[in-house]
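A short worksheet on the structure shown next.
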Amino acid sequence: MLLSDIFEEELRSPTVFRDESKLNESYMPSSLPHRTSELRELIRLFLGLMKNPGEMSQRVTISGSIGTGKTALSKCFGKILEEYETTHNKNLHYVHINCRRKKSRFLILRQVVFHFNPTVPHRGYSPEELLYMLDCLLESQNAHLVLVLDELDFILGRNDRSLLYDLTRWTDEQLNGVQRVSLILIVRDRAYLKKLDASTLSSLQNNHIYLAPYSASQLVDILQERATEALFDYAVNSEVLNLIADIASERGDARFALELLWRAGKYADRDRVPSILPEHARLAKADVHPRVRKDFFHELSPHQQLVLLAIIRQLKKHEAAYTTTGDVEINYNVICEEYDETPRKHTQLWEYIKELEQLGIITTKISSKGIRGKTTLIGLPDAPLSLLEKELQNNLKEY
Ligand SMILES: Nc1ncnc2c1ncn2[C@@H]1O[C@H](COP(=O)(O)OP(=O)(O)OP(=O)(O)O)[C@@H](O)[C@H]1O
Ligand SMILES: [Mg+2]
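Throughout the sequence shown, residue numbering follows our numbering, covering 2 to 400 in sequence.
What follows is the structure, encoded as structure tokens:
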């Protein structure tokens with residue numbers, strides 16, 4: 002068979018997807034079932050600011066476990082704010098920053114400054130200078146900023162709390178003048194906030210919105226709504242949606258549920274059948290890990306991936322639940338050679354391990370005192386090692 006014929010055949014093969022991009026993580030749904038009251042609360046907290054910007058600022062924290070809709074809720078509010086802005090011209094700006102991607106105070110502040118002045122140079126400024134620049138920009142443009150720091154756990158877990166200290170102190174200093182900066186802080190685990198120093202903590206006020214994990218029936222509603230947009234009408238029935246919701250309800254995680262639906266759809270397409278069957282959902286469950294999403298590896302740097310590969314190979318080789326940092330380092334150096342990469346130094350390696358832990362992919366604990374004294378043990382509690390290894394190797398090939 003000619004290659005072009007294979008392509009033609011695939012192109013014409015039936016699909017369950019009307020528009021699969023509607024199941025992407027980046028897609029912003031038009032409504033958020035079961036988060037209406039939280040959205041109302043968020044709007045209520047910002048109503049004073051929206052009506053009279055400059056007279057008050059607001060600080061709100063949002064917490065909830067993985068996939069409970071924290072980012073979606075905040076972005077939905079951002080959309081409302083922007084729509085309000087276009088009709089009321091209050092010079093309100095919503096800036097949403099993911100702290101996992103922008104890993105330092107400098108990168109975060111630069112992105113905020115960039116929003117107001119896209120010609121800001123990529124380097125050459127200290128965070129303090131950027132903060133000063135932002136102050137001047139807001140003042141000269143008479144602008145008001147709602148700054149969202151999403152996945153803030155990442156920064157707090159890295160012991161870099163100075164950003165929040167700077168921001169809260171800076172906004173506190175505006176108390177007597179025009180108040181231009183409000184904050185929405187998003188964390189998975191609220192305990193991280195308790196690590197802040199007392200003055201920063203108290204300045205965060207008491208506006209907190211907690212998003213509880215979704216129940217199975219709530220997940221069914223979320224899936225149903227998204228399925229209507231992403232799949233053809235006949236492509237999925239309630240039995241399958243219930244099954245997927247049941248699987249995902251263990252963690253109450255909407256992202257996991259949506260990815261299961263997407264994978265199940267892919268299995269249906271592979272079998273060239275017009276609708277998703279329960280068996281496709283079961284197959285999807287076997288290869289979607291709640292922590293290791295399809296876009297997961299793209300968020301890791303090549304060396305983070307090499308470290309992860311070292312951990313996986315180490316655990317596989319010894320069929321062990323835990324491995325040590327020392328062994329991981331040895332294996333990492335070997336893998337670097339395999340991929341023709343210069344190994345990073347010990348302290349950098351340690352940073353990577355901490356970041357992988359932050360992402361929830363590995364766990365670490367201190368061993369009880371053994372022959373070689375205390376050491377850090379690294380485990381991958383509930384990830385299928387072979388699946389991860391295969392995906393990592395495929396991904397590393399692309400670099
Ligand atoms: N109530 C909802 N209705 C519709 N879709 C939802 C709802 N809650 C979450 N989602 C969808 O589920 C996915 C995960 O949601 P989101 O990214 O907001 O979770 P999160 O709480 O920010 O998770 P993480 O802690 O991993 O950042 C997104 O695709 C989002 O659109
Ligand atoms: Mg999020």
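Don't be surprised by glycine CBs; every beta carbon is placed ideally from N, CA and C.
Exposure of residue i, with buried meaning 16 or more beta-carbon neighbours within 10 Å
{"i": "Thr120", "result": "exposed"}
{"i": "Lys346", "result": "exposed"}
{"i": "Glu320", "result": "exposed"}
{"i": "Ala282", "result": "buried"}
{"i": "Pro122", "result": "exposed"}
{"i": "Glu152", "result": "buried"}
{"i": "Arg45", "result": "exposed"}
{"i": "Phe8", "result": "exposed"}
{"i": "Leu3", "result": "exposed"}
{"i": "Leu360", "result": "buried"}
{"i": "Ala213", "result": "exposed"}
{"i": "Asp272", "result": "exposed"}
{"i": "Val335", "result": "exposed"}
{"i": "Arg41", "result": "exposed"}
{"i": "Ser183", "result": "buried"}
{"i": "His304", "result": "buried"}
{"i": "Lys103", "result": "buried"}
{"i": "Pro275", "result": "exposed"}
{"i": "Gly70", "result": "buried"}
{"i": "Arg124", "result": "exposed"}
{"i": "Leu186", "result": "buried"}
Per DSSP, the bridge partner or partners of residue i
{"i": "Asp151", "result": "Asn99"}
{"i": "Phe117", "result": "DSSP output for Phe117 lists no bridge partner at all."}
{"i": "Val182", "result": "Leu146"}
{"i": "Leu388", "result": "Looking at the DSSP assignment, Leu388 forms no beta bridge with any residue, so it has no partner."}
{"i": "Ile379", "result": "Thr324, Thr365"}
{"i": "Ser64", "result": "Val188, Tyr211"}
{"i": "Phe257", "result": "Phe257 is not bridged to any residue."}
{"i": "His94", "result": "Leu146"}
{"i": "Phe8", "result": "In DSSP, Phe8 forms no bridge with anything."}
{"i": "Phe18", "result": "Leu232"}
Residue i in three-state terms, based on DSSP
{"i": "His299", "result": "helix"}
{"i": "Leu310", "result": "helix"}
{"i": "Phe233", "result": "coil"}
{"i": "Met134", "result": "helix"}
{"i": "Gln59", "result": "coil"}
{"i": "Ile81", "result": "helix"}
{"i": "Leu50", "result": "helix"}
{"i": "Ser204", "result": "helix"}
{"i": "Glu26", "result": "coil"}
{"i": "Arg252", "result": "coil"}
{"i": "Glu342", "result": "coil"}
{"i": "His89", "result": "helix"}
{"i": "Val289", "result": "coil"}
{"i": "Gly125", "result": "coil"}
{"i": "Ser32", "result": "coil"}
{"i": "Gly70", "result": "coil"}
{"i": "Ile277", "result": "coil"}
{"i": "Ser218", "result": "helix"}
{"i": "Lys267", "result": "helix"}
{"i": "Lys1", "result": "In the structure displayed, the chain extends from 2 to 400; residue 1 sits before or after that span and is not available."}
{"i": "Leu3", "result": "coil"}
{"i": "Asn238", "result": "coil"}
{"i": "Leu197", "result": "coil"}
{"i": "Asp423", "result": "Past the boundaries of the shown model lies residue 423; the chain is included only from 2 to 400, so the question cannot be answered."}
{"i": "Leu360", "result": "coil"}
Beta-carbon separation (whole angstroms), residue i vs residue j, contact threshold 8 Å
{"i": "Leu93", "j": "His145", "result": "5 Å"}
{"i": "Arg222", "j": "Pro34", "result": "The sequence shown places Asp at residue 222, not Arg. The Cβ separation is near 5 Å, so the contact holds."}
{"i": "Phe78", "j": "Leu43", "result": "5 Å"}
{"i": "Ala265", "j": "Val241", "result": "7 Å"}
{"i": "Ile210", "j": "Val96", "result": "No, Ile210 and Val96 are not in contact; Cβ-Cβ is about 19 Å, not under 8 Å."}
{"i": "Ile354", "j": "Leu381", "result": "The Cβ separation is near 12 Å, so there is no contact."}
{"i": "Tyr235", "j": "Thr201", "result": "Actually they do not touch by this definition, with Cβ atoms about 54 Å apart."}
{"i": "Trp171", "j": "Leu132", "result": "6 Å"}
{"i": "Leu157", "j": "Arg106", "result": "In fact, because the Cβ distance is near 12 Å, the residues do not count as touching under 8 Å."}
{"i": "Asp20", "j": "Ala231", "result": "6 Å"}
{"i": "Ser368", "j": "Leu357", "result": "Incorrect: roughly 18 Å between the Cβ atoms, too far for contact."}
Distance cut-off 7 Å: residue i Cβ against heavy atoms of ligand 4
{"i": "Ile210", "result": "Among the ligands present in this structure, namely ligand 1 and ligand 2, ligand 4 is not found."}
message: Give the residues whose C-beta lies closer than 6 Å to at least one heavy atom of ligand 1, in chain order.
response: Glu26, Pro30, Leu33, Pro34, His35, Arg36, Gly65, Ile67, Gly68, Thr69, Gly70, Lys71, Thr72, Ala73, Glu152, Arg189, Ile223, Ala255, Arg256, Leu259
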